[in-house]
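Structure, as structure tokens:
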Amino acid sequence: MSEQKKSGSEKLWGGRFAEGTAASVEAFSASIHYDSRLYKYDIAGSKAHATMLADRGILNAEELALIVEGLSAIEQEIEAGSFEFKRELEDIHMNIEKALVDRIGPAGAKLHSARSRNDQIALDFKMYLRDQCDIIAALLDDVRRSFVLLGRKYLGNFMPGYTHLQRAQPVQISHHMLAYFEMFGRDKERLLDCRKRLNLSPLGCAAMAGTGLPIDREQVAESLGFDGVTANSMDTSGDRDFAIEFTSCCTMIQLHLSRLSEELVLWSSQEFSFVDISDKFCTGSSIMPQKKNPDIPELIRGKSGRVVGSLMSLITLVKGLPLTYNRDLQEDKEPVFDTVDTVSASLSIMAELLENLQFNTKVMEEATRTGFITATDLADYLVVKDVPFREAHGIVGRSVAYCLDKGCELYELTVEELQQFSPVIEKDVFEVLSVEGSVNSRISTGGTGLKRVEEAVLNAEKQMGISK
Ligand code: ARG
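Start counting the sequence shown at 1; every next residue gets the next number (my numbering).
What follows is the structure, given as structure tokens:
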């Protein structure tokens with residue numbers, strides 16, 4: 001038998017209840033163990049709300065002063081770790097409100113006028129996510145800065161570019177680094193865009209229909225740094241689009257981190273030996289003494305599973321909900337909090353790892369010398385000499401087959417040997433068959449030619465405020 005409280009009257013909503021809540025129900029429905037994270041926003045929101053209520057004559061000056069002082073004292077207690085959160089008070093809103101009433105009496109009981117927990121939680125959550133957008137955007141910039149520094153450092157060094165994980169065409173290492181600079185740049189834009197859309201205050205929508213009390217929603221919105229107020233109280237009360245959008249922005253970040261991690265795992269393997277991940281970021285094996293494992297990239301790659309999972313949880317959560325607020329929506333916090341923690345930790349450790357990353361430029365360059373990596377350049381060479389591209393493709397294909405047979409690379413053939421496949425080939429062909437020639441010829445916008453990559457590094461440095 002579950003324990004029952006005699007009456008529901010100690011609850012802030014207990015008036016209409018004859019019996020207390022079952023202990024099992026309290027345990028099942030409480031969210032305080034995770035939504036306590038929102039205390040700062042809950043308190044700031046309550047102060048702004050109380051100030052507006054006073055301006056509107058709903059509270060007097062004395063009551064307002066008591067409320068504001070009381071809330072500040074509660075905030076200090078929470079920060080000092082001396083505040084006692086109570087599970088039977090369900091969530092952060094009621095824990096703070098009850099503590100306020102206990103502390104200052106009847107004035108505290110007036111705070112909830114013209115407000116419901118439905119608009120209150122939307123407010124707290126939006127304010128929290130607004131800050132997280134800024135924090136994660138700054139972490140993205142740390143990672144982007146690392147890529148710009150690597151781009152500058154390895155300018156003029158070559159590596160194979162891959163498609164299908166097969167050596168495809170030689171590229172600048174810097175070009176590869178700046179690819180990630182772009183990816184994480186889009187991530188930042190997406191977050192800031194999400195921030196813009198979520199920055200409308202829900203407060204004053206009350207339970208879902210608005211309120212008859214003479215409130216000023218705009219005043220509260222302005223004092224809390226919102227760009228305005230939401231337009232429809234019913235939409236507002238049941239809306240969690242902003243949480244889904246935020247989590248989907250974070251999912252994209254974690255996916256990018258995961259792809260980067262996969263490359264770091266591959267590149268640090270003996271098979272590639274392209275990079276050395278600093279000892280500080282690796283661990284050994286408990287049984288194989290020779291091993292140095294790239295655990296950090298592996299963990300980041302692994303953690304993308306939980307971020308994707310959180311996005312799935314949120315999407316599924318709202319799927320069948322009728323308007324407006326439903327208690328289901330309380331399930332929105334944990335996936336979002338876990339996403340914030342995972343993405344932030346992954347970004348900061350990745351920035352640190354990149355700062356300590358060393359490329360084995362000799363090995364990388366060596367890898368561009370094999371695998372007929374300049375075959376496309378030979379085809380382009382033929383195109384310039386007026387051979388239709390499809391025909392050129394065939395000529396190069398046959399030359400490669402010949403090399404395979406002979407066990408050599410294209411640049412090791414003589415002009416005479418190459419001329420067997422096309423008479424238009426002349427001595428100048430060796431310029432395009434060289435890695436340098438190949439890379440530096442690719443000066444189309446966005447290409448890997450030295451000139452282009454130099455420009456790109458410079459632009460990126462400007463963007464990140466890095467002066468040379
Ligand atoms: N803890 C609730 C949540 O996170 C706050 C809103 C509760 N509203 C209600 N009508 N029970 O969604």
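Even for Gly, the Cβ is constructed at its ideal location relative to N, Cα and C.
Query - Nearest-angstrom Cα separation, counted from I136 out to N459 - result: 22 Å
Query raised in the report: By a C-beta neighbour count over all protein chains shown, 10 Å radius and 16 as the cutoff for buried, is Q172 buried or exposed?
Result: buried
Report task. Please confirm whether any heavy atom of the ligand ARG lies closer than 7 Å to the CB of S31. Result -> yes
Query raised in the report: In three-state DSSP terms, what is S201?
Result: strand
Report task. Reducing DSSP to helix, strand and coil, say where N157 ends up. Result -> coil
Query raised in the report: In three-state terms, what does DSSP make of N326?
Result: coil
Query raised in the report: Any chance the segment 194-212 sits against the segment 90-99, with 3 or more Cβ pairs inside 8 Å?
Result: no
Requested in this report: For N440, count neighbouring Cβ atoms within 10 angstroms of its own Cβ and tell me buried if that reaches 16, exposed if not.
Outcome: buried
Query raised in the report: Can you tell me where the beta strand (DSSP E) with P170 in it begins and where it stops?
Result: 166-172
Report task. Report the rounded CA-to-CA distance for S146 versus L155, giving the unit in angstroms. Result -> 14 Å
**Report entry** Closest residue to L53 among A179, R16, F28, G108 (Cα-Cα distance)
**Finding:** G108
Report task. Can you say whether N356 is buried or exposed, counting buried as having 16 or more other CB atoms within 10 angstroms of its CB? Result -> exposed
Query raised in the report: To the nearest angstrom, how far is it from the Cα of V343 to the Cα of I349?
Result: 10 Å
Query raised in the report: Among G394, K291, A206, R259, which has the Cα closest to the Cα of Y325?
Result: A206
Query raised in the report: Less than 7 Å between the CB of E90 and some heavy atom of the ligand ARG, yes or no?
Result: yes
Query raised in the report: Using CA coordinates, which residue listed in I74, S116, G309 is at the minimum distance from L102?
Result: In the sequence on display, residue 102 carries Asp and not Leu. Of I74, S116, G309, the residue nearest in Cα terms is I74.
Report task. Give me the Cα-Cα distance between I395 and Y411, rounded to the nearest whole angstrom. Result -> 15 Å
Query raised in the report: So is the beta-carbon of H49 under 7 Å away from any non-hydrogen atom of the ligand ARG?
Result: no
Requested in this report: Report the rounded CA-to-CA distance for T316 versus S174, giving the unit in angstroms.
Outcome: 41 Å
Query - Cβ contact (3+ pairs, closer than 8 Å) linking the segment 38-49 and the segment 117-130 - result: yes
Query raised in the report: Which of helix, strand or coil does DSSP assign to T230?
Result: coil
Query raised in the report: Based on the DSSP secondary-structure assignment, which residues constitute the bridge partners of Y162?
Result: R167
Query raised in the report: When burial is assigned at 16 or more other CB atoms within 10 Å of the CB, is M1 buried or exposed?
Result: Residue placement at M1 is flagged as unreliable, the pLDDT there being 38, under the threshold of 50; a coordinate-derived value is accordingly withheld.
Report task. Count the other C-beta atoms from every protein chain shown that fall within 10 angstroms of the C-beta of A114, then say buried if there are 16 or more, exposed otherwise. Result -> buried
Report task. Give me the Cα-Cα distance between E461 and R190, rounded to the nearest whole angstrom. Result -> 21 Å
**Report entry** At least three beta-carbon pairs within less than 8 Å, the segment 250-268 to the segment 298-316
**Finding:** yes
Report task. Confirm the yes/no value for this check: CB of H112, any heavy atom of the ligand ARG, distance under 7 Å. Result -> no
Query raised in the report: Taking 8 Å as the CB-CB limit, is K385 close to chain D?
Result: The chain inventory of the structure shown lacks chain D, comprising one protein chain alone.
Query - Distance between beta carbons of P170 and T368, contact taken as under 8 Å - result: 4 Å
Query raised in the report: Taking the continuous alpha helix (DSSP H) assigned at V453, which residues delimit it?
Result: 450-463
Query - Inter-residue spacing [alpha-carbon to alpha-carbon] between L257 and Y34 - result: 27 Å
Query raised in the report: Counting along the chain, where does the alpha helix (DSSP H) carrying M52 start and finish?
Result: 39-55
Query raised in the report: Does the pairing of the segment 240-257 with the segment 178-197 give three or more beta-carbon distances under 8 Å?
Result: yes
Query raised in the report: Are the CB atoms of Q358 and D279 nearer to each other than 8 Å?
Result: no
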